[in-house]
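Student:
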Amino acid sequence: MEKNVLFVASECSPFVKTGGLADVVGSLPQVLQQEENTDVRVILPLYEEVISKWQDKLEWVSSVYVPVGWRNQEANIYQYTHQGIIYYFIGNDYYFSRKGVYGYYDDGERFVFFSRAVIESLAVLDFKPDILHGHDWQAGLAVAFAKILQPIENMKTVFTIHNIKYQGILPLDTFDELFNIPREHIGGMEWNGLLNCMKSGIFHADKITTVSPTYADEIKTPYYGEGLYSILTERQDDLVGIINGIDLDEFNPMKDPHLTSNYKYSRVKKKENKESLQQKLGLPVNPDIPLYVIITRLVEQKGLHLVQTILDEFLQEDVQFVVLGTGDYEFENFFYHAGQRNPDKLVSYLGFDEALARQLYAASDFFVMPSQFEPCGLSQLIALQYKSVPIVRETGGLKDTVFPYNELTGEGNGFSFSDYNAHDLLHVLRYSLEIYHNEEHYKTLLKNVNKSNFSWNDSAKAYAELYNTLGYVIS
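Using the numbering used here, read the sequence shown as starting at 74 and increasing by one per residue.
(1) Quick one: any contact between the segment 379-396 and the segment 360-368, if contact means 3 or more CB pairs under 8 Å?
(2) Report yes or no: do the segment 256-269 and the segment 227-236 share at least 3 C-beta pairs separated by less than 8 Å?
(3) Name the two residues that bound the continuous alpha helix (DSSP H) containing Met271.
(4) Between the segment 153-164 and the segment 124-135, can you find at least three pairs of beta-carbon atoms closer than 8 Å?
(5) Assign Val358 to one of two classes, buried (16 or more other C-beta atoms within 10 Å of its C-beta) or exposed (fewer than that).
(6) Hey, is Trp529 close to the ligand GDP, as in C-beta under 6 Å from one of its heavy atoms?
(7) Do Ser334 and Lys342 come within 7 Å of each other at the CB atom, strictly closer than that value?
(8) Quick one: does Asn149 have its CB under 7 Å from some CB of chain E?
(9) Taking the straight line between their C-alpha atoms, what separation do you get for Asp166 and Phe232?
(10) Going by CA-CA distance only, name the one from Gln432, Thr111, Gln352 that's closest to Met327.
(11) Taking C-beta to C-beta, are Phe527 and Ser505 nearer than 7 Å?
(12) From the DSSP output, in three-state form, read off Trp264 for me.
(13) By how many angstroms is the C-alpha of Asp246 removed from the C-alpha of Gln453?
(14) If I measure Cβ to Cβ from Glu299 and keep anything under 6 Å in the same chain, skipping five residues before and after, which residues do I get?
(15) What does the alpha-carbon distance come out to for the pair Tyr493 and Phe169?
(16) Which runs of the beta strand (DSSP E) fall wholly inside the segment 374-462 and span at least 3 residues, in chain order?
(17) Which of the three DSSP states, helix, strand or coil, is assigned to Asp96?
(18) Please identify the residue among Arg114, Gly157, Leu384, Met228 whose C-alpha is closest to the C-alpha of His410.
(19) Taking a contact to mean a Cβ-Cβ separation below 7 Å, would you say Phe186 touches Val139 in this structure?
(20) Would Gln309 pass as a contact of Met271 if the rule is Cβ separation under 7 Å?
(21) When DSSP labels each residue in this structure, what does Trp143 get in the three-state scheme?
(22) Going by alpha carbons, who is nearest to His258 out of Ala217, Asn149, Ile281?
(23) Tell me which same chain residues have a C-beta within less than 7 Å of the C-beta of Leu214, skipping the five on either side of it?
(24) Please name the residue, chosen from Val465, Trp210, Asn227, Leu543, that lies closest to Phe276 on a Cα-to-Cα basis.
(25) Give me the DSSP bridge partner(s) of Lys76.
(26) Could you tell me the alpha carbon to alpha carbon distance between Asn253 and Gly181, rounded to whole angstroms?
(27) Would you report the Cα separation of Ala289 and Thr282, rounded to the nearest angstrom?
(28) Can you list, in chain order, the residues of its chain with a C-beta nearer than 6 Å to that of Ser100? Leave out the 5 residues immediately preceding and following it.
(29) Using the Cβ count rule (16 or more neighbours within 10 Å means buried), how would you classify Glu84?
(30) Could you tell me which residues DSSP pairs with Tyr161 in its beta bridges?
Below, the structure written as structure tokens:
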């Protein structure tokens with residue numbers, strides 16, 4: 074029995090992307106529709122970036138008027154079918170014809186409009202969802218409006234938390250200025266004297282998901298819950314963590330056009346990629362020297378204060394290290410000067426280059442990701458695909474996907490440490506070096522890495538099972 078699911082999100086690959094949310098919304102519908110016999114469609118804002126790249130392919134569907142306070146704002150609805158999935162786009166020049174996606178003073182109002190426009194559009198689309206599945210705070214109000222306005226009888230709702238740190242906070246008087254619903258509903262949206270779009274989705278959804286089982290447990294605690302842990306504890310029976318996957322065709326070292334040598338499991342081919350990268354970056358060319366890599370946004374969340382504390386000490390070892398990323402001045406400045414101090418051991422590339430990122434995954438022996446918190450994490454999954462051994466802190470999805478190597482049992486696909494402590498990171502870095510130079514253990518570790526598989530198939534089955542609990546059997 075086929076059922077209809079509408080994903081509501083603020084970004085989606087390949088149309089518009091600022092982070093991992095776009096990868097999930099871009100990949101999961103493809104697998105659900107192919108493997109689990111659902112009709113999944115996606116609805117997004119029509120940003121200027123989408124118009125500039127895809128305008129000629131968009132088909133106008135209809136227009137609706139959306140109440141936003143005392144105004145009626147027009148929403149023009151377009152659609153486009155891409156790789157078998159129908160995508161809808163909500164267009165409004167006032168809200169979305171701007172450079173970029175987020176970061177405007179009126180982001181709250183923009184996504185109030187978008188969420189309400191999603192609900193109003195259901196009256197004119199030739200698609201009636203059984204389940205409305207909202208993603209992150211930008212879609213939290215769509216879940217709330219779906220429950221309050223009930224545009225389709227018996228439509229169920231799911232809300233996915235991708236990162237609870239970003240909640241969509243609005244002044245309380247925004248409710249009367251913009252929402253156009255009875256004031257009795259303000260309690261389901263208010264949190265600590267403000268309107269909270271994330272809380273609105275949590276409160277109104279039939280089921281709540283987040284992007285890893287460990288993160289689902291963590292956000293019920295004060296340390297990780299960003300102020301919302303109490304409502305998540307109240308709704309813990311409806312909260313489930315489902316680990317994200319990655320697109321194994323997109324991240325495939327056998328086919329990646331950016332690599333010097335394509336490979337599947339070959340250590341020889343990986344060393345060829347390492348030699349090519351060393352030459353490109355001006356490092357001493359030596360395929361046997363262990364190469365450690367960080368690819369990340371340079372922000373505190375990624376554990377970079379730990380790296381700052383111990384990097385010079387670790388670079389006294391016979392290793393090479395490459396950092397690729399951009400972000401806070403503090404970290405950019407640190408890595409720039411660290412590279413100046415250690416020109417034969419450290420290269421800091423302060424920017425982002427997708428081709429270089431792929432080459433780093435392919436060339437590296439170890440991928441370092443000591444995050445303070447990490448809801449799921451994508452980079453460690455890519456590293457495993459490219460046969461680079463991840464070194465992570467045990468938090469969120471990192472704990473659920475990277476398992477510490479055990480010399481006694483021969484199990485484990487990486488290295489990890491639990492406390493957010495710089496010298497624990499240094500200890501595990503040195504331990505990874507010890508294993509690297511032990512041929513027997515390193516060979517066993519790489520076999521485990523080769524067996525790691527985090528495709529979207531298992532995730533899609535878990536979402537299908539979740540939908541089943543709402544009263545729909547997908548078979």
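For each residue, glycine too, the CB sits at the ideal point set by N, CA and C.
Tutor: Taking the definition as stated:
(1) yes
(2) no
(3) 270-277
(4) yes
(5) exposed
(6) With respect to the ligand GDP, the structure shown offers nothing to examine, as it has no ligands at all.
(7) yes
(8) This model lacks chain E altogether; it includes just one protein chain.
(9) Computed Cα separation, rounded: 27 Å.
(10) Gln432
(11) no
(12) strand
(13) Rounded to whole angstroms, Gln453 to Asp246 spans 43 Å at the Cα level.
(14) Contacts found: Ile237, Lys238.
(15) Between the C-alpha atoms of Tyr493 and Phe169 there is a straight-line separation of about 40 Å.
(16) DSSP runs (the beta strand (DSSP E)) wholly in the segment 374-462: 393-398, 419-423, 439-442.
(17) When secondary structure is reduced to three states using DSSP, Asp96 falls in the helix class.
(18) Among Arg114, Gly157, Leu384, Met228, the Cα nearest to that of His410 is on Leu384.
(19) yes
(20) no
(21) Looking at Trp143 - three-state DSSP - the assignment turns out to be coil, as it is neither helix nor strand.
(22) Of the candidates Ala217, Asn149, Ile281, the one whose C-alpha sits nearest the C-alpha of His258 is Ala217.
(23) Phe184, Val185, Ser188, Cys270, Ser273
(24) Answer by Cα proximity: Trp210.
(25) Thr111
(26) 15 Å
(27) In this model, Ala289 and Thr282 are separated by some 8 Å (Cα to Cα).
(28) Excluding sequence positions up to five before and after Ser100, its CB lies within less than 6 Å of the CB of Asp320, Trp529, all in the same chain and listed in chain order.
(29) buried
(30) Its beta-bridge partners are Ile116, Gln152.
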